[in-house]
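**Q** Residue numbers (our numbering): 1 to 394. Note that the Cβ used here is the ideal one computed from N, Cα and C, for glycine as well. Predicted model, so just to flag it, every value in this text is computed and none were measured.
Set out below in structure tokens:
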């Protein structure tokens, strides 16, 4: 009877008490040896761990440990020391908890760290988000109450699929090494038609179903007639013969030699094999982090080539010279869509660039989300960028 009463009490929490009272009640119930296991199992079965209400989050972990910490976007994965991330052990139990406050619409990646050496996924949280480069790995995902998934990223059986041409090799004279790229052709592709084109840095990651998943978004937008048909070219920065070697930190670091390769060598290859537009207003460059830096660098260095710049969570801190490059009102206009998370992401640099765009009356859109430096952030904003650059005609 006591267990039943306690479970009913937990069920009624969402309809009654204030956020802090609800969390206090959960912790109180978990301290009672007679009901502890039943209550923890109830929270687990209802996918209530982490428990979230309004702007409050309660992380829980059950297991043997001397110390438990939570690492994630909220403390920049350990780089931000001001965030209290060490769990508190409920007396006489093996349950640990951490209370925190986040924006109501936040979505954040995290892992649990046991005794400072074992990093694990939250064993009772089914929500995961992959991150990293070269395929990455999963993190657990905190979803605050007002965060909503974008169904444009979900594959549907009734949606026609475009064609993928994968892992094409290029032997670059400019760079003196071999590169790799993939190409997306829209449904009902015609070789006699000219298509707007989008060049995508970190192409492997943008294509990865657990990361950017951009192909599903493209197919869905085309099916819903929200964008016009485009060709997308995905540049893979991994060395073809050794894909553990990723050249992105060199290629995407405002690298003039790489820009020259792209404009003088790579674009002619694509334009010689596919019916892509050569108009700058129909030729875009997209990237995130270092790729966001590169999208800004390419487009503002060569606006006669790239008239569309998709800039996601840009790593402007890596090359502050980018602000000078972009602060040139006399160059031809570039249409910009810039996004950033507000939780230990690229907000400071993005706002500085936004001020430059405002000063020079650039044509741009700017969007912030309550997220970190994560593919969960970038994937859900791709439809906004694509619609802005390539809206359906008529």
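At which residues does the beta strand (DSSP E) containing residue 25 begin and terminate?
**A** First-last for residue 25: 19-31, but that is the alpha helix (DSSP H), not the beta strand (DSSP E).
**Q** Express the C-alpha separation of residue 377 and residue 71 in angstroms, rounding to a whole number.
**A** Roughly 18 Å separates the two Cα atoms.
**Q** Of the residues 44, 150, 21, which one's Cα is nearest the Cα of residue 382?
**A** 150
**Q** Looking at the secondary structure, which residues open and close the alpha helix (DSSP H) in which residue 216 lies?
**A** 214-223
**Q** Determine the extent of the beta strand (DSSP E) in which residue 140 is found, giving its start and end residues.
**A** 137-143
**Q** Under a three-way DSSP split, which group does residue 319 fall into?
**A** coil
**Q** Would you mind working out which of 58, 362, 345, 158 sits nearest residue 26, comparing C-alpha positions?
**A** 58
**Q** Quick one: what's got a C-beta closer than 7 Å to residue 321's C-beta in the same chain, skipping five residues either side?
**A** 254
**Q** Quickly, what does DSSP pair residue 312 with across the bridge? List them, please.
**A** 288, 339
**Q** Between which two residues does the beta strand (DSSP E) holding residue 72 run?
**A** 68-72
**Q** Under 6 Å Cβ to Cβ from residue 175, same chain only, skipping five residues before and after it: list those, please.
**A** 261
**Q** Enumerate, from N- to C-terminal direction, the unbroken beta strand (DSSP E) stretches of 3 or more residues contained entirely within the segment 180-255.
**A** The segment 180-255 contains these whole beta strand (DSSP E) runs: 197-200, 231-236, 242-246.
**Q** How many Å lie between residue 146 and residue 272 at the Cα?
**A** 47 Å
**Q** Only counting the same chain, and skipping five residues up and downstream in sequence, which positions put a Cβ closer than 6 Å to that of residue 204?
**A** 236
**Q** I'd like to confirm the pairing. Which residues does DSSP put opposite residue 131 in its beta bridges?
**A** 137
**Q** Just to confirm, is the Cβ distance from residue 162 to residue 184 under 7 Å?
**A** yes
**Q** Please look up how many angstroms separate the CB atoms of residue 153 and residue 216, rounded, as I've assumed it's under 8 Å.
**A** 6 Å
**Q** In this structure, what does DSSP give as the bridge partners for residue 86?
**A** 69
**Q** Thinking C-alpha only, which one of 389, 22, 139 is nearest residue 228?
**A** 389
**Q** Who pairs with residue 363 in a beta bridge, going by DSSP?
**A** 335
**Q** Taking the C-alpha atoms as reference points, what is the distance between residue 168 and residue 182?
**A** 6 Å
**Q** With a threshold of 7 Å on Cβ separation, who are the neighbours of residue 357 within its own chain once the five nearest residues in sequence on each side are excluded?
**A** 336, 364
**Q** List the residues that DSSP assigns as beta-bridge partners of residue 371.
**A** According to DSSP, which records beta bridges pairwise, residue 371 is partnered with 107.
**Q** Nearest to residue 65 by alpha carbon, out of 173, 266, 189, 120?
**A** 120
**Q** So for residue 328, helix, strand or coil by DSSP?
**A** coil
**Q** Identify every residue that forms a DSSP beta bridge with residue 283.
**A** 197
**Q** Can you give me the Cβ contacts of residue 210 inside the same chain, cut-off strictly under 7 Å, excluding the 5 residues immediately before and after it?
**A** Around residue 210: 130.
**Q** Taking residue 239 as the reference, which of 180, 222, 250 has the closest Cα?
**A** For residue 239, the closest of 180, 222, 250 by C-alpha to C-alpha distance is 180.
**Q** With 16 as the cutoff for other CB atoms within 10 Å, does residue 351 come out buried or exposed?
**A** exposed
**Q** So, is residue 309 buried or exposed, given that buried needs 16 or more other C-beta atoms within 10 angstroms?
**A** buried
**Q** Name the two residues that bound the continuous alpha helix (DSSP H) containing residue 39.
**A** 36-45
**Q** Please return the same chain residues whose Cβ sits closer than 7 Å to the Cβ of residue 77, not counting the five positions on each side in sequence.
**A** 71
**Q** Using a Cβ-Cβ cutoff of less than 6 Å, which residues in the same chain neighbour residue 196 once the five nearest sequence positions on both sides are dropped?
**A** 230, 277, 282, 390
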